[in-house]
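Visitor:
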Amino acid sequence: MILKADPDKVLRFISENFELVRALYLAQLAGNVISREQFNALTKHTGDISINRLFEYKLLTEQYDDIRLNEPVRAFLAFLISEFRPLLPSELEKYRTSFSQLFNAIRECPEGEQPILLEELETLYDEVQRFLENVENNTGQLLRETQQLKANKDKMEYGERIRRARHLIEYYIAPLNSILNLQHSESIASLLGELSAYANRERLGHSYQQARDRFGQLHELLRGGNDRILRQSRILSRELLPLIERLQTESEILSGWIFFLERPFRHEVPSFTTRSYRNFFGSSTGANLALFMEQFEQRAEVVLLQEEDITAVDRHEVLFDRQHYVVSLQEQLPVDDFFGWCREHLYQNEQLPSTERFLKICSIVFEDSEQYNAEFTGRRIAIELEDFIFQVPEVRVSLK
Amino acid sequence: MYPEYHREITESLLMDARFLVEGEPEFTCLREHLDFYQQFFEASFGLSLLCQSDYAFLQSARDNDTLSRDICIFLGVLCYEMDREGKNIMEELSFSTFAYEDVERLLELSSFREVLEATKSLRDSSSRRNFYHLLARRRLIDKIDDEAFRFTPGHKYFLEFARGVAQGIGREEEE
């Protein structure tokens, strides 16, 4: 209780010294307490009377060597200035316990205990109201923090920005999202849904008039609360999360560029596209194609010429008919001059008498040497063919 | 037998070596026949076609491409300077028009001037004028008039590269 002034005087004092009060508030917001040095620095240009009044009006309290704003004053200033420390989701989680305890108490309230029922309903109403306000402040604050992080007013290093963004997502935004998720049965939002349904039934069916009125108020609040939660949830999923993700992507791009620019000529680069100077279509394509086809025409002619050559030879005649010579040799054995015989038969049977063919005929005796006797007379005779003259020994061949 | 814009697609990607970007009929046609074109360029020229939701180009097999390096340096410095001025890089690159004059001012005053001076095509404003022409031919930028240009979606390829570099560092740090 403030002993030394009326409430309106205190308010006037706050209003007259608002810049100082705001500075004190922000200092506490940043450091949780205001250290003596900070306090001295902030009040350097403030008169002693005003400094004393800060304590006399119980705006500030001393805690050992540090100074803090009195809690109701802090909350009031937070509301005025709209700068908060975002609540950790566990701070919001405490509402789950108080909601469910009050809910149970209301449901189990025995008939005839109206006064306590009314008080419980009133408390629940206040508690829901505070929860909704806290959630709204929290999303608002998170949105502002994210935007500040994005604009990088504090000139933070990129790595630090990514870490901040991840921190916000991990510890604040994602858990808050699950508290507000209406689809999730464990979320506070769905507990409020249950409460709302119960209040809706009771506001019509409760036997006691005043209780019906209170249930009616609670139902109204919860119905509106549902919309408010939905709105916050939408801000989270439509603005905050994408904003943070974009921020993270952007920071990654920047830190990537900075790393690259530190050694731009040694770092690998992405493979890009290169121009191809081959002309695939153009004014000369037709002419080129004609030229190209011409070579195939010539090649075709060459092939034809070769075919004519080949057709001039009767392949059946060309094949060496070894058996024919063996048979006629054996009919005529003994033969006095074997090589002469060979030459004679060569010219008798072959259309193209060649040296090669002559040697083949000669070979019939040597290949089956076990069947024949060969007697060498010791004389040599000349066998004349198309392009060779063989000096061969005179051989007499007979069957064994 | 061939898709409607076959000749234009082949000429743009292969001979002009430029991006096809969303909004061009050739790009739509390419996306509609993506399988065919991927096989076509692979089988005929041994080149792989990179096609994203809003840009496409033929990747060359060269791993040390001067133009690619120059673009990385240019975009890197530009992004750094835009961030320094508190601008939102991705939004700027996607939606804003850039006056040559402003870009020139950013580059002239950049703390990465040494890097720019060591890069032949970015060394001074007359070299950079040629560089802008080249970027326009490759369809990384669209010239609006003599004074301003806009980036096409093709720039995202290089932003993705930068992001990959950062993620690579992140992974190394984790290891």
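Listed in order, the protein sequences are those of chains A and B.
Okay, so the first sequence: first residue is 1095 according to our numbering, each after it adds one.
Okay, so the second sequence: first residue is 42 according to our numbering, each after it adds one.
For each residue, glycine too, the CB sits at the ideal point set by N, CA and C.
1) Given a cut-off of 9 Å on the beta-carbon distance, is the pair residue 1115 of chain A and residue 1153 of chain A in contact?
2) Tell me the DSSP secondary structure of residue 120 of chain B in three-state form.
3) Kindly indicate the opening and closing residues of the alpha helix (DSSP H) around residue 1323 of chain A.
4) Give me the residue from A/1234, A/1186, A/1194 with the minimum Cα distance to residue 1173 of chain A.
5) Give me the chain A residues within the contact set of residue 101 of chain B, using Cβ-Cβ distance strictly less than 7 Å, ordered along the chain.
6) Mark residue 53 of chain B as exposed unless 16 or more other C-beta atoms lie within 10 angstroms of its C-beta, in which case mark it buried.
7) Starting from the Cα of residue 201 of chain B, find the closest Cα among A/1365, A/1414, A/1180 and give me that residue.
8) For residue 57 of chain B, which residues in chain A fall below 8 Å Cβ to Cβ?
9) According to DSSP, is residue 1244 of chain A part of a helix, a strand, or is it coil?
10) Identify the contact partners of residue 1245 of chain A in chain B, using a Cβ-Cβ distance below 9 Å as the criterion.
11) Does any C-beta atom of chain A lie closer than 9 Å to the C-beta of residue 113 of chain B?
12) If you run the structure through DSSP and keep just helix, strand and coil, what is residue 1209 of chain A?
13) Can you check the region 1407 to 1484 of chain A for any alpha helix (DSSP H) of at least 4 residues that lies completely inside it and give the ranges in chain order?
14) Less than 9 Å separating the beta-carbons of residue 217 of chain B and residue 55 of chain B?
15) Quick one: using the 10 Å Cβ neighbour count with 16 as the cut-off for buried, is residue 1313 of chain A buried or exposed?
16) Can you tell me which of A/1462, A/1464, A/1456, A/1466 puts its alpha carbon nearest to the alpha carbon of residue 1486 of chain A?
17) How would you label residue 1409 of chain A, buried or exposed, when you count the other beta carbons within 10 angstroms and need 16 or more for buried?
18) Please list the terminal residues of the continuous beta strand (DSSP E) segment that includes residue 1281 of chain A.
19) Using a Cβ-Cβ cut-off of less than 8 Å, give me the residues of the region 1349 to 1361 of chain A that come near chain B, in sequence order.
20) Tell me the residue span of the beta strand (DSSP E) that contains residue 70 of chain B.
21) Short check: CB of residue 1119 of chain A to CB of residue 1182 of chain A, under 9 Å?
22) Given that residue 1343 of chain A touches chain B, what residues does it touch there, using C-beta distances under 8 Å?
23) Could you check whether the Cβ of residue 106 of chain B sits closer than 9 Å to any Cβ belonging to chain A?
24) Going by beta-carbon coordinates alone, are residue 1493 of chain A and residue 1428 of chain A separated by less than 9 Å?
25) Any idea if residue 1553 of chain A is buried or exposed, counting beta-carbon neighbours within 10 angstroms, 16 or more meaning buried?
26) Which whole-angstrom value describes the C-beta separation of residue 172 of chain B and residue 181 of chain B, a residue pair presumed to lie in contact below a C-beta threshold of 8 Å?
27) Do residue 1481 of chain A and residue 1420 of chain A have their C-beta atoms closer together than 9 Å?
28) Give the straight-line distance between the Cα atoms of residue 1432 of chain A and residue 1413 of chain A, rounded to the nearest whole angstrom.
29) Report the residue ranges of all beta strand (DSSP E) runs contained in full by the region 122 to 179 of chain B; include only those spanning at least 3 residues, in chain order.
30) Given that a residue counts as buried once 16 or more other Cβ atoms are within 10 Å of its Cβ, and exposed if not, what is residue 1460 of chain A?
31) Mind listing which residues of the region 1201 to 1214 of chain A have their C-beta closer than 7 Å to chain B's C-betas, in chain order?
32) Can you pull the chain A residues whose beta carbon is under 8 Å from the beta carbon of residue 199 of chain B, in chain order?
33) Under three-state DSSP, which class holds residue 1107 of chain A?
34) Could you tell me if residue 153 of chain B is buried or exposed, where buried requires 16 or more neighbouring beta carbons within 10 angstroms of its beta carbon?
35) Tell me whether residue 1222 of chain A sits in a helix, a strand or coil according to DSSP, three-state version.
Guide: By the coordinates alone:
1) On the first sequence, position 21 is the one that residue 1115 of chain A refers to. On the first sequence, position 59 is the one that residue 1153 of chain A refers to. Closer than 9 Å, so yes.
2) Within the second sequence, residue 120 of chain B is the residue found at index 79, counting from 1. Three-state result, residue 120 of chain B: helix.
3) For this step, residue 1323 of chain A is matched to residue 229 along the first sequence. Start and end: 1303 to 1328.
4) In the first sequence, counting from the first residue as 1, residue 1173 of chain A sits at position 79. The shortest Cα separation from residue 1173 of chain A among A/1234, A/1186, A/1194 belongs to A/1234.
5) Here the question's residue 101 of chain B lines up with position 60 in the second sequence. Result: 1365, 1366, 1367, 1368.
6) Here residue 53 of chain B is taken as the residue at index 12 of the second sequence, counted from 1. Its Cβ being crowded by 16 or more others within 10 Å, residue 53 of chain B is buried.
7) Against the second sequence, residue 201 of chain B aligns to sequence position 160. Cα-wise, what sits closest to residue 201 of chain B is A/1365.
8) By one-based count along the second sequence, residue 57 of chain B stands at place 16. Neighbours of residue 57 of chain B on chain A, chain order: 1369.
9) Translated into positions along the first sequence, residue 1244 of chain A becomes position 150. Looking at residue 1244 of chain A - three-state DSSP - the assignment turns out to be helix.
10) Against the first sequence, residue 1245 of chain A aligns to sequence position 151. In chain order: 127, 129.
11) Locating residue 113 of chain B in the second sequence gives position 72, counting from the first residue. At least one chain A Cβ lies under 9 Å of residue 113 of chain B.
12) Here residue 1209 of chain A refers to the residue found at position 115 of the first sequence. Residue state, collapsed to three classes: helix.
13) 1409 to 1412, 1416 to 1426, 1432 to 1443, 1449 to 1461
14) The shown model of chain B, from 42 to 216, leaves out residue 217 of chain B, and the question about it has no answer.
15) Position 219 of the first sequence, counting from 1, holds the residue named residue 1313 of chain A. The residue is buried, with at least 16 neighbouring Cβ atoms inside 10 Å.
16) Your numbering for residue 1486 of chain A matches position 392 in the first sequence. When only C-alpha atoms are compared, the closest one is A/1456.
17) For this step, residue 1409 of chain A is matched to residue 315 along the first sequence. Low local confidence applies: a pLDDT of 48 at residue 1409 of chain A is under 50, so the model's placement there is unreliable, and no value is given.
18) For the purposes of this step, residue 1281 of chain A is taken as residue 187 along the first sequence, with counting starting at 1. That residue, residue 1281 of chain A, is in no beta strand (DSSP E); it is neither H nor E in DSSP.
19) 1349, 1350, 1351, 1352, 1353, 1354, 1355, 1358, 1359, 1361
20) Your numbering for residue 70 of chain B matches position 29 in the second sequence. Taken as a continuous stretch (DSSP letters only), residue 70 of chain B belongs to no beta strand (DSSP E), being part of the alpha helix (DSSP H) at 66 to 73.
21) What you label residue 1119 of chain A is simply residue 25 of the first sequence in a count that begins at 1. What you label residue 1182 of chain A is simply residue 88 of the first sequence in a count that begins at 1. Not in contact: residue 1119 of chain A and residue 1182 of chain A (Cβ atoms no closer than 9 Å).
22) Residue numbering aside, residue 1343 of chain A sits at position 249 when the first sequence is read from its first letter. Result: 131, 204.
23) For the purposes of this step, residue 106 of chain B is taken as the residue at position 65 of the second sequence. For residue 106 of chain B, the answer is yes, since a Cβ of chain A falls inside 9 Å of its Cβ.
24) Within the first sequence, residue 1493 of chain A is the residue found at index 399, counting from 1. Within the first sequence, residue 1428 of chain A is the residue found at index 334, counting from 1. Yes, the pair counts as a contact, with Cβ atoms nearer than the cut-off.
25) Limits of chain A in this structure are 1095 at one end and 1494 at the other, which puts residue 1553 of chain A out of reach.
26) If you number the second sequence from 1, residue 172 of chain B lands on position 131. If you number the second sequence from 1, residue 181 of chain B lands on position 140. In fact, because the Cβ distance is near 10 Å, the residues do not count as touching under 8 Å.
27) In the first sequence, the residue the question calls residue 1481 of chain A occupies position 387. In the first sequence, the residue the question calls residue 1420 of chain A occupies position 326. Their beta carbons are not under 9 Å apart, which means residue 1481 of chain A does not touch residue 1420 of chain A by this criterion.
28) Translated into positions along the first sequence, residue 1432 of chain A becomes position 338. Translated into positions along the first sequence, residue 1413 of chain A becomes position 319. Distance between the alpha carbons of residue 1432 of chain A and residue 1413 of chain A: 22 Å.
29) 138 to 140
30) By 1-based counting over the first sequence, the position of residue 1460 of chain A is 366. So residue 1460 of chain A counts as exposed.
31) none
32) Locating residue 199 of chain B in the second sequence gives position 158, where the first residue counts as 1. Per Cβ cutoff of 8 Å: 1364.
33) Residue 1107 of chain A sits at position 13 when you count from the first residue of the first sequence. If DSSP states are grouped into helix, strand and coil, residue 1107 of chain A belongs with the helices.
34) The count along the second sequence starts at 1 and reaches residue 153 of chain B at position 112. Buried, because 16 or more other Cβ atoms sit within 10 Å of the Cβ of residue 153 of chain B.
35) Along the first sequence, read from residue 1 onward, the residue named residue 1222 of chain A stands at position 128. Three-state DSSP puts residue 1222 of chain A in a helix.
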